[in-house]
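Undergrad: First residue of the sequence shown: 768, per our numbering; consecutive thereafter. Even glycine gets a Cβ: it sits at the ideal position worked out from N, Cα and C. Bear in mind the structure is a predicted one, so any value in this text is a computation, not a measurement. So that we are looking at the same thing, I have put the structure below in structure tokens.
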Amino acid sequence: MGGAKNYTLYSIVRWLDSQIPLYPQLKVFLRTISPRHFANGEWNTGGSCDNISPLSKGSGVFKDESSDPVAEGAVRGTKVKILDITALSELRDEAHISRYSIKASDGINDCLHWCLPGIPDTWNELIYAQL
Numbered sequence: 768m769g770g771a772k773n774y775t776l777y778s779i780v781r782w783l784d785s786q787i788p789l790y791p792q793l794k795v796f797l798r799t800i801s802p803r804h805f806a807n808g809e810w811n812t813g814g815s816c817d818n819i820s821p822l823s824k825g826s827g828v829f830k831d832e833s834s835d836p837v838a839e840g841a842v843r844g845t846k847v848k849i850l851d852i853t854a855l856s857e858l859r860d861e862a863h864i865s866r867y868s869i870k871a872s873d874g875i876n877d878c879l880h881w882c883l884p885g886i887p888d889t890w891n892e893l894i895y896a897q898l
């Protein structure tokens, strides 16, 4: 899987970087992966995300350390900018929809999508700061 991700990201970034000179006003970002926070299983095996306390996985994000070295390597030396949302999102495992969705079924937790307002708004702030 690692080789496939590596090849795919590098190929996409290389192509995007080749297109940027054709559109001088264009800004291109590669967003890192949004973390899932399933505990005791996955979405289809009874996994849940019932945590109600933020920062249970730490309390810091280091500016010079990417949480996705493959993505960081893919954009290095290009005009494509990285939008590294993984580490800061990892700290907010309590911010998922969990079992509180309108369409929630018993025993099913949504540990992939995020409550609003919240984490996605922070991602938007990161984009605005780079524009």
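Count Cβ pairs between the stretch 789-799 and the stretch 845-854 that sit closer than 8 Å; are there 3 or more?
TA: yes
Undergrad: Relative to the C-alpha of ASN811, which candidate in ILE779, SER778, ASP888, ASN876 has its C-alpha closest?
TA: ASN876
Undergrad: Determine whether the beta carbon atoms of GLU861 and ILE819 lie at a separation below 9 Å.
TA: yes
Undergrad: How far does the beta strand (DSSP E) with ASP888 in it extend, from its first residue to its last?
TA: First-last for ASP888: 886-897, but that is the alpha helix (DSSP H), not the beta strand (DSSP E).
Undergrad: Who are the Cβ neighbours of LEU879 in its own chain at under 6 Å, not counting the five residues just before and after it?
TA: ARG803
Undergrad: Do ARG866 and ILE886 have their C-beta atoms within less than 9 Å of each other?
TA: no
Undergrad: Quick one: which unbroken beta strand (DSSP E) runs of 3-plus residues sit fully inside the stretch 797-874? Chain order, please.
TA: 848-850, 863-865
Undergrad: My output table needs one value for LEU883: the three-state DSSP class, helix, strand or coil.
TA: Coil at LEU883, not helix or strand.
Undergrad: Have a look at the DSSP bridge pairing and note the partners of ASP784.
TA: Paired residue(s): none; ASP784 is not in a bridge.
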